[in-house]
Amino acid sequence: MVVPLEYFLILSSALFSIGVFGVITQRNAVRILIAVELIINAANINFVAFASYNPVGDISGWIFALFIIAVAAGEAAIGLAIFINVFRNYGEIDVGHLFTLREV
Amino acid sequence: MASEILLGKTVLISPFIGAVIVSILAFLHYSRGNKHEGHDSGKHDTHEEHTSIHYTRFENVVSTFGILSILVSWLSMVLLAINYLPGEEHETLQSQFGFFGFKEGGTPDIPFGLLIDPLSVYMGLIVTTLALLIHIYAREYMHGDAGYSRFFATFNFFTGVMLTLVFSTSFLELFIFWELVGLSSYLLIGFWFYKPAAAHAAKKAFLYNKIGDITLLAGFLMLYRYTRTLDFVELPAKMEALTDQQIAIVAVLIFGGVIGKSAQFPLYTWLADAMEGPTPVSAILHSSTMVKAGIYMVARVFFIYYEAHDGHNVFAGAEWALTVFAWIGAITALLAGLQALVENEIKRILAYSTVSQIGYMAIALGTGGKTAAMFHLLSHATFKALLFLTAGAVIHAVHTNNIWEMGGLRKKIPKTFWPMLIGATALAGFPGFSGFWSKDAVLLAAYESKVPGHLVIYYLGALTAFITALYSTRFIYVVFFRTPDPEHKEHVEKAHDGGFFLTTPSIILGVLVLIESILFIPVFNFEHWLNEILEPEVKPEAINYVVAGSSAIIVLLGIFVGLVLYHWKPELRTSLYNIDAFNWIANEFIAKRYRIDQVLYWIANAPVMWVAGILQSIDLKIIDRTIIDTWIVKGSLQLAKISDVFDQGFIDGIVNGVWQIFLYFGRQFRKLQTGLVSNYATIFAATLVLFLTYVNFLVLFK
Amino acid sequence: MGWFLEFNMIVIIIFTLFMAFGALRTDKVMKAAAYLLLTLWGVAFAYLFLGSEYVFAIQLIVYGGGIVVLFLFSVLLTGQEEFQMDKEFVWNNLVQILIALLLFFTLTVLMLDVFGGYELTGNELVVLNETQDLTQTLATALFTNYNYVLPILGILLLSAMLGSIKIAIREEEL
């Protein structure tokens with residue numbers, strides 16, 4: 001592997017920042033979940049990269065990556081279920097209009 | 001040797017080729033612009049008008065290829081099985097097609113291939129024979145269905161997957177095909193997926209199976225961790241490496257898989273719901289595939305429970321797992337038998353009877369009778385396939401599922417009546433019929449075993465035999481002999497036998513049951529022969545006339561009670577139902593499946609709600625009451641008192657300035673609580689930036 | 001050869017980031033899901049560059065297949081109103097962009113500070129070690145030291161499945 005580790009670090013931090021940017025700017029819940037997936041992917045890249053560049057040859061990071069992918073799948077499924085429930089109750093999933101938690 | 005492996009490969013691959021051919025045919029048919037024809041679900045009375053000659057021709061081509069592929073598989077299976085006849089040399093052949101790449105670093109690899117030994121040949125013969133007959137039956141039964149080609153493709157796939165499971169040579173391969181069996185049963189149970197009940201049943205079967213599958217996965221991964229092999233040929237010798245606790249955990253986890261797949265207590269309710277699929281599906285699901293896969297798997301890995309070459313020596317760790325399994329089997333047999341007594345739909349009666357009979361096999365396996373289990377598997381597979389095929393023919397004839405809307409069908413559909421009578425007699429265990437001999441073997445295994453409480457298990461089994469005889473008598477009498485109710489007289493009058501393909505398989509199966517009944521008579525030593533090829537290291541048990549005689553008496557008593565209740569004194573039944581307690585037990589408790597589904601739902605639901613309740617009470621009591629109410633409120637009260645003192649002493653202006661400042665900050669902070677996710681997230685991200693900057697400074701100037 | 005790989009990696013990084021940004025700035029949610037798919041593919045190719053074909057395959061199958069399908073379902077089931085780009089520049093937007101940029105800056109500086117100094121040269125890397133097949137190593141690890149991972153994942157996904165059924169189902173359907 002001749003590609004330096006730095007490339008992956010920059011990729012992951014950029015992806016993370018884009019994800020955070022998405023979370024703070026988007027108003028549609030589905031888009032927020034998409035941004036969260038970007039954040040998760042950024043973390044995953046770091047896991048895999050550090051495991052691959054590990055001089056000892058310990059590949060636990062890969063197994064973590066698999067675990068994270070599965071958890072992301074579960075998270076997306078539950079997110080979908082929650083969105084459907086919210087959509088059923090409010091008729092929309094725009095988080096800008098869901099402020100029942102607001103201080104009155 | 002080489003030819004045998006070639007035969008084995010043909011057995012496995014042929015059904016898959018059939019599935020592919022059927023799919024290609026369907027693709028060609030529909031891509032030529034043919035419209036979708038045929039009726040939706042199971043409306044077998046009106047199909048003639050709905051289908052064109054063209055579609056019928058397409059159906060014939062599809063089913064011919066579907067049946068032919070199974071026929072090829074069956075023929076090669078028979079040729080293969082000839083080598084395993086009594087007296088022939090029988091050996092274990094293993095052909096490895098490939099490996100699940102584990103060659104590196106001293107780790108043994110897991111083979112993927114074909115294991116031909118007496119057990120797999122025996123099971124494979126049962127599967128192919130019944131699959132062939134049920135395919136022939138389905139040719140006419142599914143006629144006019146909109147999903148005819150889909151049915152045959154999935155059905156062939158199902159058969160092929162089950163055969164590969166039977167012949168698999170390692171745990172990993174078995175597990176892969178175990179999952180595929182689950183998948184194809186999901187597809188077949190939900191075959192009429194536009195019916196909500198069918199979609200629900202398929203989902204339920206899938207989920208219930210998954211619970212078992214996870215424990216099975218955990219079980220064999222654990223086995224691999226300790227033995228470093230999953231090869232069925234190598235594993236027995238390596239079992240010594242495990243400690244008692246490890247064996248116990250592995251044994252219990254593997255039984256978990258069986259409880260899911262073979263529909264044992266408490267996960268058995270999916271099997272009755274699976275009746276929403278077409279009848280041929282129920283027939284193959286209940287007779288030879290799917291639910292028998294669990295029993296077969298335990299027989300295959302029996303070395304986990306018993307030491308390899310030394311007869312009946314249980315591993316100390318596995319003993320209590322076996323006991324638990326035998327008890328689960330006994331409980332399942334009894335509960336499902338009772339439920340078959342109160343059920344009114346003919347297919348559901350048979351479904352619960354299957355659960356009950358598989359409970360018998362579980363008893364046999366738990367008490368160490370591998371031969372008895374496989375023996376009962378054979379006889380049950382035959383008569384249960386027969387019963388389902390004839391039940392389908394009955395439904396086909398009268399267009400109803402409820403036995404109380406039938407009656408007096410004996411003269412109307414003789415070609416269905418006689419095979420069904422034979423099947424029910426065998427199921428009831430009438431002395432001399434196949435079910436009697438195999439059930440006797442199971443009861444004998446329970447009677448003579450050393451498992452704790454084996455006598456209680458034996459009594460439960462005997463009680464179940466009584467119940468089995470009772471419900472067999474019940475549905476045969478109600479369907480075929482009872483005078484039909486006046487309001488149902490009309491469609492009973494119109495009932496007639498099905499065509500050639502609908503009746504022939506059940507007649508063949510009826511003859512097979514009769515042949516088995518003769519073959520199983522102890523004079524012909526069938527059980528000893530089975531014992532010899534399946535587990536030659538164990539000495540067969542001689543027939544015990546006390547057990548055999550008592551079960552004969554029990555069965556006859558059951559049939560007698562059934563006749564009393566339904567024929568001679570039907571008013572006795574009414575007076576029984578007039579007793580409140582009896583009525584409640586029958587209609588509210590047993591007929592509602594002992595509320596098992598509710599309990600399972602509660603088990604899945606309650607812990608989550610419990611944890612949530614605890615968290616809520618922590619939130620309310622500790623955070624709200626203690627921290628906020630006690631510390632913050634009381635603390636601020638104290639502060640207020642102090643400030644009151646100060647207020648008395650200091651100039652009002654300063655104090656006013658202080659509260660104005662607090663009010664100002666309070667108003668500013670209040671704006672943060674917008675309830676908008678984006679704002680919270682922005683604050684969160686900003687804080688993260690601050691934190692990272694701080695860490696950066698730490699790193700830079702360390 | 002080295003510069004070629006590096007060049008490819010740069011292309012993949014640019015592609016991935018561009019697609020990730022596109023996922024947030026398109027006008028339709030459906031398009032956003034498509035952009036997400038392309039982003040995930042880009043990340044998958046990054047995994048390939050890291051030598052883990054298995055994670056690459058899982059990323060394509062589970063992420064690129066399953067999760068994106070889930071997103072499409074959620075878009076379909078919750079209606080797909082168009083995204084209103086803020087036409088006039090709001091003060092809030094500047095703050096958000098500033099926060100994202102600062103985050104990127106601080107994160108990159110921190111990462112490169114901490115891990116840039118280790119001099120991970122090519123020779124030490126496990127990936128270059130030709131004698132060892134990494135997928136086999138991964139499989140062996142999954143079947144031995146980490147043999148609880150698969151069952152736990154099974155239980156997790158099963159409970160996620162049951163939980164989402166429980167959440168999404170209407171009370172009267174139960």
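Protein chains in written order, with this note's numbering: chain L, 1 to 104; chain S, 1 to 702; chain U, 1 to 174.
We treat Cβ as the ideally placed atom computed from N, Cα and C, and that holds for glycine.
Since this is a predicted model, take the numbers as computed values, not measurements.
- Between S:THR371 and S:LEU534, the C-beta gap is smaller than 8 Å, which places the two residues in contact.
- Between S:ALA681 and L:VAL23, the gap from beta carbon to beta carbon is short of 8 Å.
- Using a CB distance below 8 Å, the part of the stretch 24-36 of chain L facing chain S consists of ILE24, THR25, GLN26, ARG27 and ILE32, ordered along the chain.
- Positions of the alpha helix (DSSP H) runs, each at least 4 residues long and wholly inside the stretch 410-489 of chain S, are given as 414-428, 434-448 and 454-476 in order along the chain.
- Beta-bridge pairing by DSSP links S:SER170 to S:ASP231.
- The beta carbon of S:ASN401 is closer than 7 Å to those of GLU345, ILE346, LYS347 and ILE395 in its chain, skipping five residues each way along the sequence.
- Interface with chain U (8 Å Cβ-Cβ cutoff): S:ALA686 is included.
- Interface residue (Cβ-Cβ distance to chain U less than 8 Å): L:ILE39 is not classified as such.
- Taken atom to atom, the span from the alpha-carbon of S:LEU253 to that of S:LEU183 is near 21 Å.
- At a cut-off of 4 residues, the continuous stretches assigned as alpha helix (DSSP H) that sit fully inside the stretch 184-269 of chain S are 196-227, 235-238 and 244-261.
- S:TYR148 is classed as buried because its beta carbon has at least 16 other beta carbons within 10 Å across all chains shown.
- Going by DSSP, S:ILE116 is part of the beta strand (DSSP E) stretching over 111-116.
- When beta bridges are read from the DSSP output, S:TYR306 appears opposite S:VAL314.
- Secondary structure note for S:VAL523: it is in no alpha helix (DSSP H), with a DSSP letter that is neither H nor E.
- In the three-state scheme derived from DSSP, where H, G and I count as helix and E and B as strand, S:GLU571 is classed as helix.
- Listed along chain U are SER164, ILE167 and ALA168, each with a C-beta nearer than 7 Å to that of L:ALA81.
- When CB distances to chain U are screened at a threshold of 8 Å, not a single residue of the stretch 176-189 of chain S falls below it.
- Under DSSP, S:GLU345 shares a beta bridge with S:ASN402.
- In the DSSP secondary-structure assignment, L:ASP94 is bridged to L:ASN28.
- For U:ILE99, at least one C-beta of chain S is nearer than 8 Å to its own C-beta.
- Contact of U:LEU158 with chain S by beta-carbon distance below 8 Å involves LEU207, LYS210, ILE211 and ILE214.
- Ranked by how close their Cα comes to the Cα of S:PRO414, the residues S:MET142, S:LEU502, S:GLY432 and S:HIS380 have S:LEU502 in first place.
- With a threshold of 16 other beta carbon atoms within 10 Å, L:ASN46 meets it and is buried.
- Taking a Cβ-Cβ cut-off of 8 Å, the neighbours of S:ASN696 in chain U comprise THR106, VAL109, LEU110 and ASP113, given in sequence order.
- The three-state secondary structure of U:PRO151, taken from DSSP, is helix.
- Taking a C-beta distance under 8 Å as the contact criterion, L:PHE21 and U:ALA34 do not qualify as a contact pair.
- For U:SER52, the three-state secondary structure derived from DSSP is coil.
- Among the CB atoms of chain L, none fall inside 8 Å of the CB of U:GLU53.
- In this model, S:ILE622 and S:ALA612 are separated by some 15 Å (Cα to Cα).
- A straight-line Cα-Cα distance of about 8 Å links S:PHE175 and S:LEU165.
- Looking only at U:GLY65, U:VAL75 and U:ASP27, the smallest Cα-Cα distance to L:ALA73 is reached by U:GLY65.
- Contact of L:ALA43 with chain U is not assigned, every C-beta pair being separated by 8 Å or more.
- At least 8 Å separates the beta-carbon of S:VAL478 from that of S:TRP568.
- The C-beta of L:ASN89 has fewer than 16 other C-beta atoms within 10 Å across all chains shown, which makes the residue exposed.
- When DSSP states are grouped into helix, strand and coil, S:SER379 belongs to the helix group.
- In this structure U:PHE56 is not in contact with U:MET9, their Cβ atoms being roughly 14 Å apart against a cut-off of 8 Å.
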